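To start, the structure itself, in structure tokens.
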Amino acid sequence: MDIAALNIRITFQKNTPQIDSIGNHTVGWQDYFTCYATVSSGTGGEKESAGTINETETIHFTVRWCSELADVEPTKYRIIFRNKLYDIQYVDPMGFKKNSLKFKAILTKR
Numbered sequence: 031m032d033i034a035a036l037n038i039r040i041t042f043q044k045n046t047p048q049i050d051s052i053g054n055h056t057v058g059w060q061d062y063f064t065c066y067a068t069v070s071s072g073t074g075g076e077k078e079s080a081g082t083i084n085e086t087e088t089i090h091f092t093v094r095w096c097s098e099l100a101d102v103e104p105t106k107y108r109i110i111f112r113n114k115l116y117d118i119q120y121v122d123p124m125g126f127k128k129n130s131l132k133f134k135a136i137l138t139k140r
């Protein structure tokens, strides 16, 4: 793995349940882990939903393996990159060698 290629800082956020002042359970996002990554542009495309066509932007993030990111699940985490939110679609353990992890993510519309 080329360490010099890890030149972009990204932040992982974790989905955590929160309770407001009157006892309602809500979902919130908290910063979980920040690290450097290699960002490679994935593919763009279109997806039809409810009769409308929406553009999608896919990006791949490659990071060094660490224990904090070893248990990341797509449904419980997301990535912040250049102040944009990316939902994790897939986590590739890169052959289970504990050298690196690759995350496929799609840009989220706010």
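With the working numbering, letter number 43 in the sequence shown gets 73, and the count goes up by one each step, no holes.
Note that the Cβ used here is the ideal one computed from N, Cα and C, for glycine as well.
Owing to the predicted nature of the structure, the values given are computational and were not obtained by experimental measurement.
Terminal residues of the beta strand (DSSP E) in which residue i lies
i: A135; result: 130-137
i: P47; result: 38-49
i: L99; result: Unbroken run through L99: none, as it is neither H nor E.
i: I109; result: 107-111
Close Cβ partners of residue i (< 8 Å) along its chain, the five nearest in sequence each way excluded
i: Y107; result: F42, Q43, K44, N45, Y62, I118
i: S130; result: M31, T92, V93, R94, W95, M124
i: H55; result: P47, Q48, I49
Whole-Å CB distance - residue i paired with residue j, under 8 Å assumed
i: K134; j: T92; result: K134 to T92, Cβ: 10 Å. No contact.
i: I38; j: V69; result: 5 Å
i: R94; j: L36; result: 7 Å
Beta-carbon proximity of residue i to residue j, cut-off 7 Å
i: A67; j: I89; result: no
i: Y116; j: L137; result: yes
Own chain partners of residue i with C-beta closer than 6 Å, once the 5 adjacent residues on each side are dropped
i: G58; result: T46, Q48
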